[in-house]
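Numbered per our numbering, the sequence shown spans residues 373 to 513.
Ideal placement from N, C-alpha and C gives every residue a C-beta, glycine not left out.
Nothing here was measured: the structure is a model prediction, and the numbers come from that model.
Only one structure is covered here, and it is reproduced in the block below.
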Amino acid sequence: MGFSVVATGCDQCHFCSSKESVEHLLFQCSVSRFLWHVVLCALGFSRALNDSTDLFGAWYSSFPGSQRKLMLVGAAAVAWTIWRTRNNACFGQQMPSDPSAIIFSLCNTLISWNILQKESKRRILEAGVHKIRRVVEEAYS
Numbered sequence: 373m374g375f376s377v378v379a380t381g382c383d384q385c386h387f388c389s390s391k392e393s394v395e396h397l398l399f400q401c402s403v404s405r406f407l408w409h410v411v412l413c414a415l416g417f418s419r420a421l422n423d424s425t426d427l428f429g430a431w432y433s434s435f436p437g438s439q440r441k442l443m444l445v446g447a448a449a450v451a452w453t454i455w456r457t458r459n460n461a462c463f464g465q466q467m468p469s470d471p472s473a474i475i476f477s478l479c480n481t482l483i484s485w486n487i488l489q490k491e492s493k494r495r496i497l498e499a500g501v502h503k504i505r506r507v508v509e510e511a512y513s
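This is how it looks when you write it as structure tokens:
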């Protein structure tokens with residue numbers, strides 16, 4: 373399954389040509405929903421995130437205080453990956469060749485951000501990246 377760049381104006385999503393907004397780009401677009409779905413499934417979460425209210429409301433509050441910062445790091449990495457992928461499509465006319473490229477981009481971001489974490493959190497983040505990669509590798513094997 374390949375992606376193609378959708379020629380759009382500034383107010384349209386470059387992935388699906390819907391009206392672009394932050395909410396749409398980060399949570400409602402098929403590309404972002406795919407990314408969130410893979411990450412949440414790989415990490416054992418069954419509840420989907422539909423918007424920023426979900427992310428910063430009940431979902432965030434469901435984690436113990438000691439895990440909340442790490443969950444925000446992961447959520448920020450997902451948002452950053454979506455934003456970078458969108459900008460590559462928008463300004464560089466470059467789309468990933470397949471959906472796994474976005475997932476591996478996310479994993480690379482998480483690994484590069486891992487050095488900023490305390491030692492105990494690094495192992496948890498590395499384990500999460502390993503789970504995400506394994507899901508994608510199994511899907512493509």
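Along the alpha helix (DSSP H) that carries residue i, what are the first and last residues, could you check?
i: Trp431; result: From DSSP, Trp431 is part of no alpha helix (DSSP H); its letter is neither H nor E.
i: Cys413; result: Ser402 to Ala414
i: Leu482; result: Pro471 to Asn486
i: Ser492; result: Glu491 to Ala511
i: Gln466; result: Where Gln466 is concerned, there is no enclosing alpha helix (DSSP H), given that its DSSP letter is neither H nor E.
If we ignore side chains and look at the alpha-carbon of each, how far apart do residue i and residue j end up?
i: Cys388; j: Leu397; result: 10 angstroms
i: Gln384; j: Leu482; result: 28 angstroms
i: Ile487; j: Arg506; result: 22 angstroms
i: Gln465; j: His386; result: 10 angstroms
i: Gln451; j: Ile496; result: Here the sequence assigns Ala to residue 451, which means Gln is not the residue at that position. Distance between the alpha carbons of Ala451 and Ile496: 20 angstroms.
i: Ile474; j: Val501; result: 13 angstroms
i: Met467; j: Tyr512; result: 19 angstroms
i: Arg494; j: Ser402; result: 30 angstroms
i: Arg458; j: Gly437; result: 32 angstroms
i: Thr380; j: Ala461; result: Confidence at Thr380 is low in this model, with a pLDDT of 46, below 50, so the placement of that residue should be treated as unreliable; the coordinate-derived value is given next. So the two alpha carbons sit approximately 10 angstroms from each other.
i: Trp408; j: Ser492; result: 25 angstroms
Short check: CB of residue i to CB of residue j, under 7 angstroms?
i: Val508; j: Ser484; result: no
i: Ile504; j: Val411; result: yes
i: Ile454; j: Ser393; result: no
i: Asp423; j: Glu395; result: yes
Take residue i as the anchor and find which of the options has the nearest alpha-carbon.
i: Lys441; options: Trp452, Thr453 and Phe428; result: Phe428
i: Asn480; options: Glu498, Asp470, Ser492 and Glu491; result: Glu498
i: Gln489; options: Tyr432, Leu478, Met443 and Ala461; result: Met443
Quick check on the burial criterion: 16 or more other C-beta atoms within 10 angstroms. Buried or exposed for residue i?
i: Phe435; result: exposed
i: Phe399; result: buried
i: Lys391; result: exposed
Can residue i be considered in contact with the ligand NAD, in the sense that its beta carbon sits closer than 6 angstroms to one or more heavy atoms?
i: Leu427; result: The model depicted lacks the ligand NAD and carries no ligand whatsoever.
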